Ligand SMILES: [Zn+2]
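In structure tokens, the structure reads:
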């Protein structure tokens, strides 16, 4: 049997955590200095509108990455406390193929499908 099935998943999570932190830092810095980042000072009209749209895209990306970073950090926390790889809902082990596809998964496939169904049922 595989003794340390989570070792490479931890590396993966750590790499993604570092990358997400970098992306977030870069985009937050860009939002604070929009004029310097676009480098366009001579066509204020349409470029200004485009810059606004870009800012909105940045804000969307930042909140998306922040959520992902929270999930990745929580997964690393679970790795440290030893609860990693177990479904937070039913406590059953989460399948390794699922963890490889989604290392920060909190729920087993069954529970995730039930949760997704609950969300989509309106
Ligand atoms: Zn479950």
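Residue numbers (UniProt numbering): 1 to 122.
Cβ atoms here follow ideal geometry from the backbone N, Cα and C, with glycine treated the same way.
No experiment lies behind these values; they were computed from the predicted model shown.
(message) Whether or not the stretch 17-24 and the stretch 89-102 are in contact is what I'm after, with contact meaning three or more pairs of Cβ atoms, one per stretch, closer than 8 Å; do they touch?
(response) no
(message) Less than 6 Å between C-beta atoms, sequence neighbours within five positions excluded: which residues of the same chain meet that for residue 128?
(response) Nothing can be reported for residue 128, as the shown portion of the chain is limited to 1 through 122.
(message) Are there any heavy atoms of ligand 1 lying less than 7 Å away from the beta-carbon of residue 16, as far as the coordinates show?
(response) Reading the chain shown from its first residue, position 16 is the one you call residue 16. No, since every heavy atom of ligand 1 falls outside the 7 Å radius drawn around the Cβ of residue 16.
(message) For a quick check, are the C-beta atoms of residue 79 and residue 95 less than 8 Å apart?
(response) For this step, residue 79 is matched to residue 79 along the chain shown. For this step, residue 95 is matched to residue 95 along the chain shown. The answer is no: Cβ separation not under 8 Å.
(message) Is the beta carbon of residue 59 closer than 8 Å to that of residue 24?
(response) Your numbering for residue 24 matches position 24 in the chain shown. Your numbering for residue 59 matches position 59 in the chain shown. The answer is no: Cβ separation not under 8 Å.
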